[in-house]
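*Asks:* Residue numbers (my numbering), protein chains in the order written: chain A, 184 to 267; chain B, 184 to 267.
Shown next, in the form of structure tokens:
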């Protein structure tokens, strides 16, 4: 399945921490605050668990979408940044 | 179907313009740079057309995901901001 992770985090260190977690799980950065990638069901659960185990500030907002199919239907309006 | 719109836009006026477009189409802000909502197929196409008709800076990145089902599977790790 495909995970899409988007986040609003106030602190640089929290953003870095979350970005590194996403990279550890093989997700690719598609925007400044968005990561996307395919993971197994077990890895997905580990990812969610690790997110839940970490503390983030009260203004933080992290949303994880499970795109089980057809995520390729995303439409990119403007050329993505390099690496996306 | 459900549209998820996420964006990286450099200019305030572009962000405001895109946010207003999303609101016009009935999408709800779920993060600072993310909108979500249900639209008909025809409205979805209008939305895409309007996005394509507008010019955004070359560093801009707007991605539209079509979540045809089960978008409720999103997992919110930290309490959403008010209105989300």
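The C-beta atom is built at its ideal place from N, Cα and C for all residues, glycine as well.
It should be emphasised that the depicted structure is a prediction, and the values quoted were computed from it without experimental measurement.
Would a check of beta-carbon distances place residue 217/B closer than 8 angstroms to chain A?
*Replies:* What you label residue 217/B is simply residue 34 of the second chain in a count that begins at 1. True, the Cβ-Cβ gap to chain A drops below 8 angstroms.
*Asks:* Would residue 216/B be called buried (16 or more neighbouring beta carbons within 10 Å of its own) or exposed?
*Replies:* Sequence index remark: in the second chain, residue 216/B carries index 33 (1-based). With 16 or more Cβ atoms within 10 Å of its Cβ, residue 216/B is classed as buried.
*Asks:* List the residues that DSSP assigns as beta-bridge partners of residue 232/A.
*Replies:* To locate residue 232/A, count along the first chain from 1; it is residue 49. None; residue 232/A has no bridge partner.
*Asks:* Tell me whether the beta-carbon of residue 220/A lies closer than 8 angstroms to the beta-carbon of residue 186/A.
*Replies:* Taking the first residue of the first chain as 1, we reach residue 220/A at position 37. Taking the first residue of the first chain as 1, we reach residue 186/A at position 3. Yes; because the gap between Cβ atoms is below 8 angstroms, this pair is in contact.
*Asks:* List, in chain order, every chain B residue whose beta-carbon is nearer than 7 angstroms to that of residue 191/A.
*Replies:* Reading the first chain from its first residue, position 8 is the one you call residue 191/A. Correct list: 214 and 215.
*Asks:* Taking Cβ positions, are residue 245/B and residue 188/B nearer each other than 8 angstroms?
*Replies:* Numbered from its first residue, the second chain carries residue 245/B at position 62. Numbered from its first residue, the second chain carries residue 188/B at position 5. Yes, these two residues count as a Cβ contact at 8 angstroms.
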